[in-house]
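Undergrad: Just so we're aligned, residue 189 is where the sequence shown starts under this note's numbering, counting upward by one. Glycine included, every Cβ here is placed at the ideal spot set by N, Cα and C. The structure's right below; bear with me while I get my questions together.
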Amino acid sequence: MTIEFIFVYGTLRKTIANNHHAILARHSHYYADGYLQGKLYEVNNYPAAIESHNPQDKVYGELYQIVDSHLVLPALDNYEECSSQFPKPHEYCRKKLPIILADGRNVSAWIYIFNRKVVNLTRINSGNYLDYVNALKTDNLSN
189 MTIEFIFVYG
199 TLRKTIANNH
209 HAILARHSHY
219 YADGYLQGKL
229 YEVNNYPAAI
239 ESHNPQDKVY
249 GELYQIVDSH
259 LVLPALDNYE
269 ECSSQFPKPH
279 EYCRKKLPII
289 LADGRNVSAW
299 IYIFNRKVVN
309 LTRINSGNYL
319 DYVNALKTDN
329 LSN
């Protein structure tokens with residue numbers, strides 16, 4: 189049996205408390221924090237990651253070991269609107285990419301990659317959507 193992993197970097201992270209995180213909680217186990225070699229952007233109150241060839245570009249998130257991929261992946265494909273139920277071209281595509289863990293190990297994991305141009309989007313330079321959201325909340329409270 190092949191061990192499957194999924195890496196989430198935005199609204200599916202446990203601290204965001206999105207209803208769809210429950211799919212991961214029920215059918216996956218949190219494995220570790222890690223990062224993707226990529227760039228992160230703000231789309232419209234949700235993040236978008238793209239791949240990068242620059243090792244300095246990192247997108248931080250959570251890695252989950254999937255217990256039942258037949259339940260998790262179709263449900264998340266629907267959430268990310270990249271299943272066959274949605275018209276093409278999809279905004280995201282699911283693909284396997286290497287995720288780097290804190291101890292330096294690489295794990296191949298499914299990840300939803302943004303499938304559109306990013307030229308007009310705001311880059312999240314920290315690569316961490318949670319930090320970005322928290323900074324926005326702090327800015328809004330102080331205004």
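Using DSSP with H/G/I as helix, E/B as strand and the rest coil, what is A290?
TA: Taking the first residue of the sequence shown as position 1, residue 290 is located at position 102. In this structure, A290 counts as coil in the three-state DSSP scheme.
Undergrad: State yes or no: is the C-beta of S296 within less than 8 Å of the C-beta of I254?
TA: Reading the sequence shown from its first residue, position 108 is the one you call residue 296. Reading the sequence shown from its first residue, position 66 is the one you call residue 254. Cβ distance not < 8 Å, so S296 and I254 don't count as in contact.
Undergrad: Residues in the same chain with beta-carbon distance under 6 Å from P235, minus the five sequence neighbours each way, listed in chain order, please.
TA: Stepping through the sequence shown from its first residue, residue 235 is reached at position 47. Once the five neighbours on either side are set aside, the close Cβ partners of P235 are G198, L228 and Y317.
Undergrad: According to DSSP, is T326 part of a helix, a strand, or is it coil?
TA: As a working note, residue 326 is residue 138 in the sequence shown. In the structure shown, T326 sits in a helix (DSSP, three-state: H, G or I).
Undergrad: Let's test the definition: count the other Cβ atoms within 10 Å of the Cβ of D265 and tell me whether it reaches 16, buried, or not, exposed.
TA: Working through the sequence shown from its first residue, we reach residue 265 at position 77. Result: buried.
Undergrad: In the DSSP assignment, what are the bridge partners of L264?
TA: Position 76 of the sequence shown, counted from the start, is the residue given in the question as residue 264. None; L264 has no bridge partner.
Undergrad: Buried or exposed, going by whether 16 or more other CB atoms sit within 10 Å of the CB of G315?
TA: The residue labelled residue 315 in the question sits at position 127 within the sequence shown. The residue in question, G315, is buried, as its Cβ has 16 or more Cβ neighbours within 10 Å.
Undergrad: Should S271 be listed as close to the ligand ZN, given that the test is whether its C-beta is under 7 Å from any heavy atom?
TA: This structure does not include the ligand ZN; it has no bound ligands of any sort.
Undergrad: How would you call D245, buried or exposed, if buried means at least 16 neighbouring beta carbons within 10 angstroms?
TA: Working through the sequence shown from its first residue, we reach residue 245 at position 57. So D245 ends up on the buried side.
Undergrad: Three or more C-beta pairs under 8 Å: does that hold for the segment 201 to 215 against the segment 284 to 292?
TA: Verdict: no, contact absent.
Undergrad: Rounded to the nearest angstrom, what separates G226 and E268 at their Cα positions?
TA: Taking the first residue of the sequence shown as 1, we reach residue 226 at position 38. Taking the first residue of the sequence shown as 1, we reach residue 268 at position 80. Rounded to the nearest angstrom, the two C-alpha atoms are 19 Å apart.
Undergrad: Given a threshold of 16 other Cβ atoms within 10 Å of its Cβ, counted over all protein chains shown, does L324 qualify as buried or as exposed?
TA: Within the sequence shown, numbered from 1, the residue matching residue 324 stands at position 136. Classification of L324: exposed, given that the 10 Å Cβ count is below 16.
Undergrad: Buried or exposed: A210, going by 16 or more other Cβ atoms within 10 Å of its Cβ?
TA: Looking up residue 210 in the sequence shown gives position 22. Classification of A210: exposed, given that the 10 Å Cβ count is below 16.
Undergrad: Beta-carbon within less than 8 Å of T310's beta-carbon, same chain only, minus the 5 sequence neighbours each way: which residues are those?
TA: For the purposes of this step, residue 310 is taken as residue 122 along the sequence shown, with counting starting at 1. If we look at T310 and ignore the five residues flanking it on each side, its Cβ neighbours are Y229 and E230.
Undergrad: Is the beta carbon of C281 less than 8 Å from the beta carbon of N303?
TA: Within the sequence shown, numbered from 1, the residue matching residue 281 stands at position 93. Within the sequence shown, numbered from 1, the residue matching residue 303 stands at position 115. Cβ distance < 8 Å, so C281 and N303 count as in contact.
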